[in-house]
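> In the numbering used here, the protein residues as written are 1 to 187.
Quick reminder that beta carbons are idealized off the backbone N, C-alpha and C, glycines included.
Okay, handing you the structure first.
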């Protein structure tokens, strides 16, 4: 039976390395996927995730319990990702995170080829969104978080999150047909 995140974080605040190892294993894959999709910079992902987890270790005692532990951790990840991108103001690499991994189903060769083409189109479309828009899309559709949870993570009002979602979806509706994706395929 897994321990509650809040209990683990309280133990981490007491410098319990075993509790941190459990929290690390629980959150590392989720953070890696999130940062990879939002950041789109394969050279930064590991660095950002390590920085996030180090911050969790050092700041666990500052967790005030007003949100879920996951919301607090993903909020740190969001801010660290934005900071890393602003510090590395270079041309971005193609989106490394695979949107299609979320859609991944074992199908025959023709369907796999179609999915691969769809994945590439979706990744190209997501690459056209701002970092803020990609972040809310990732948190809403791939992490299944509510607008209130996303607002807490990105440090913005709920209405700002909703506005970013609106503009991101509108932009995706414009981009996907030009990439050969119909609304039925993308939804």
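1) Express the C-alpha separation of residue 64 and residue 8 in angstroms, rounding to a whole number.
2) Under the rule that 16 or more other beta-carbon atoms within 10 Å means buried, what is residue 53, buried or exposed?
3) Counting Cβ pairs, one atom from each stretch, are 3 or more of them under 8 Å apart for the stretch 125 to 138 and the stretch 159 to 174?
4) Going by DSSP in three states, residue 145 sits in which element: helix, strand or coil?
5) Would you report the Cα separation of residue 42 and residue 48, rounded to the nearest angstrom?
6) Starting from the Cα of residue 73, find the closest Cα among 153, 159, 160 and give me that residue.
7) Tell me which same chain residues have a C-beta within less than 7 Å of the C-beta of residue 143, skipping the five on either side of it?
8) Report the start-end ranges of each alpha helix (DSSP H) in the stretch 40 to 76 that is 4 residues or longer and not cut off at the edges.
9) Should residue 31 be labelled buried (16 or more other beta-carbon atoms within 10 Å of its own) or exposed?
10) Are the CB atoms of residue 44 and residue 84 nearer to each other than 8 Å?
11) Hey, residue 168 and residue 158: beta-carbon distance below 8 Å or not?
12) Which term fits residue 15, buried or exposed, when burial requires 16 or more other beta carbons within 10 angstroms of its beta carbon?
13) Roughly how many angstroms separate the alpha carbons of residue 127 and residue 68, rounded to a whole number?
14) Which first and last residues belong to the alpha helix (DSSP H) in which residue 177 is found?
15) Rank 145, 156, 175 by C-alpha distance to the C-alpha of residue 120 and give the top, closest one.
16) Would you report the Cα separation of residue 137 and residue 17, rounded to the nearest angstrom?
17) If you draw a straight line from the alpha carbon of residue 11 to that of residue 71, how long is it in whole angstroms?
18) Verify whether the separation of the beta carbon atoms of residue 61 and residue 13 is less than 8 Å.
With the given structure in hand:
1) 14 Å
2) buried
3) yes
4) coil
5) 10 Å
6) 153
7) 34
8) 42 to 59
9) buried
10) yes
11) no
12) exposed
13) 29 Å
14) 158 to 178
15) 175
16) 34 Å
17) 18 Å
18) yes
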